[in-house]
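The structure appears below as structure tokens.
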Amino acid sequence: MFQVMIVDDMQIMRRELKRLRIWGEKSGFVVSQEAKDGQDAVGKLKKQKVDLVITDIKMPVADGIDLLKKIINKELCYCVVLLSEYSEFEYARQGIVYGAFDYIVKPIDDEKMEKLLLKAGKYIEKKKLEKEKVKKLETELEEKVEIFYSPEDVEKIVKLFKNVDVKVVEVSSNLVETIGAAVNYDSLKVAYVLKKITSTLIESLKEIYPWLEKLVLISKYSDVDFTHVSKFSDMERAFLKIIRELITTISKFQFRSEMNSMIRNICKIILQRIDTEVSVKIIADQMFLNQSYLSTLYKEKTGKSLVEYITMVKMERAKILFHDSNIKNYEIASKLGYKDVEYFGKLFKKYTGMTPSKFKASCIAIENS
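Here my numbering runs 1013 ahead of the position in the sequence shown, where the first position is 1.
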């Protein structure tokens, strides 16, 4: 069962929420704690953490936004949901920016709560799995590093790599995916390294290709002991695999207050699904976010609506596909998720200034010239 704390300065509201029939086996959530304000909640959470905190926004002593910030800063639970009135939309929006999972508008009934808990349950389960994976990878990293190098060797290597800009890449046959941009290694809580080196591993990550080549090159100009040559192949595979997985996992293991990360994830989902079906709803569901808030936050951060960005990516993809003289207009429209070919044509003309047929003809003319 997922553990829930309800935070509200009004006892009657806490009682009403606890009386909902959704709690228990039906939802997988149970109310285990309650608090009268943010300060009371933090004190109780420090003694006993929960999975989900449902908190009123406006409260004396410490309101819902203050509580949210403290929960995120101290990692006191996996998920925070804000209770709000219709008139408190701006506060709710602010809460999402700071990292709240979602908001729910009063009055609250079983149907509303059931929908919320269904989404929250998936989100919490995902976060728990990610946390377990991080711990496992940290342990593996510690074991692998200890096998091949002494702490002294590792420290020397790290010092040599310090201030080097590298790009973390996913290498599978070819360069498949670039993970993040200028990720700060301070945020990667790699247990072994932080404990034994106590300094920043690498200030930013911009390029990791097989790291062994760099180490061999560096060894010519340093006193690091590289006598384990016979083990380099194993070390390369083990270490690079763990580092790559660790960075990928931890880069996702962030609260949604990290807006740049959220925008990158949105763009990544769009690009991954561009040849199938992609919409604001699909993206919101995949990120466990409310559709309207997702759209609002995206526009605030980029100055462009999410629908506009999806359309732009689709139109750019269409321009590439039109270079194939054998593919039909309706096939491209269908491939990009447009069931109405005429609607697709209007969007394409609005974006490029040309109808699909004229654009395709111009592509053929250029190729034949």
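Even glycine gets a Cβ: it sits at the ideal position worked out from N, Cα and C. As the structure is a prediction and not an experimental result, all values here were calculated from the model.
Check, Outcome
"7 Å Cβ cutoff met for Glu1047 and Ile1078", "no"
"Distance between Gly1350 and Asp1053 (C-alpha atoms, nearest Å)", "50 Å"
"3 or more residues per run - each beta strand (DSSP E) lying fully within the segment 1088-1134", "1092-1097, 1115-1118"
"Buried/exposed call for Met1126, threshold 16 Cβ in 10 Å", "buried"
"Rounded straight-line distance, which links the Cα of Val1066 to that of Ile1137", "12 Å"
"4 or more residues per run - each alpha helix (DSSP H) lying fully within the segment 1310-1335", "1319-1334"
"Among Leu1130, Ser1370, Lys1140, Leu1307, nearest to Ser1040 - alpha-carbon criterion", "Leu1130"
"C-beta atoms of Tyr1111 and Lys1082 nearer than 7 Å", "yes"
"Distance between Lys1317 and Val1354 (C-alpha atoms, nearest Å)", "25 Å"
"Delimiting residues of the beta strand (DSSP E) encompassing Val963", "Not covered by the structure: residue 963. The range shown for the chain is 1014 to 1382."
"Gly1358 (DSSP reduced to helix, strand or coil)", "helix"
"Complete runs of the alpha helix (DSSP H) confined to the segment 1285-1310 [at least 4 residues]", "1293-1299"
"Distance CB(Val1293)-CB(Ser1305) smaller than 7 Å", "no"
"Extent of the continuous beta strand (DSSP E) run through Ile1019", "1015-1020"
"Candidates Met1275, Ile1340, Gly1051: closest to Thr1315 by CA position", "Met1275"
"Where the alpha helix (DSSP H) containing Leu1065 begins and where it ends", "Premise fails: Leu1065 lies in the beta strand (DSSP E), 1065-1069, not in any alpha helix (DSSP H)."
"Secondary structure of Gly1005, DSSP reduced to three states", "Only positions 1014 to 1382 of the chain appear in the structure, and residue 1005 is not among them; the question remains open."
"Distance, Asp1298 Cα to Leu1142 Cα", "18 Å"
"Range of the contiguous alpha helix (DSSP H) that encloses Arg1032", "Premise fails: Arg1032 is in no alpha helix (DSSP H) and is neither H nor E."
"Bounding residues of the alpha helix (DSSP H) (the contiguous stretch that carries Glu1344)", "1342-1348"
"Rounded separation between Phe1335 and Pro1369 - CA only", "8 Å"
"Beta-carbon gap between Ser1097 and Val1118 smaller than 7 Å", "yes"
"Residue environment, Asp982, which counts as buried when at least 16 other CB atoms sit within 10 Å", "Any question about residue 982 goes unanswered here, given that the chain covers just 1014 to 1382."
"Nearest-angstrom Cβ-Cβ length linking Ile1070 and Leu1030, presumed shorter than 8 Å", "14 Å between Cβ atoms; not a contact."
"Member of Asp1076, Leu1310, Arg1027, Ile1085 whose CA lies at the smallest distance from the CA of Lys1059", "Ile1085"
"Spatial neighbours of Ile1345 in its chain, beta-carbon cut-off 6 Å, leaving aside the 5 residues before and after", "Ala1331, Leu1334"
"Beta-carbon gap between Lys1049 and Asp1022 smaller than 7 Å", "yes"
"Simplified DSSP state of Gly1037, which is helix, strand or coil", "strand"
"Coil, strand or helix - Asn1339 by DSSP", "coil"
"Presumed contact (8 Å Cβ cut-off) between Thr1365 and Met1325, rounded CB distance", "Incorrect: roughly 11 Å between the Cβ atoms, too far for contact."
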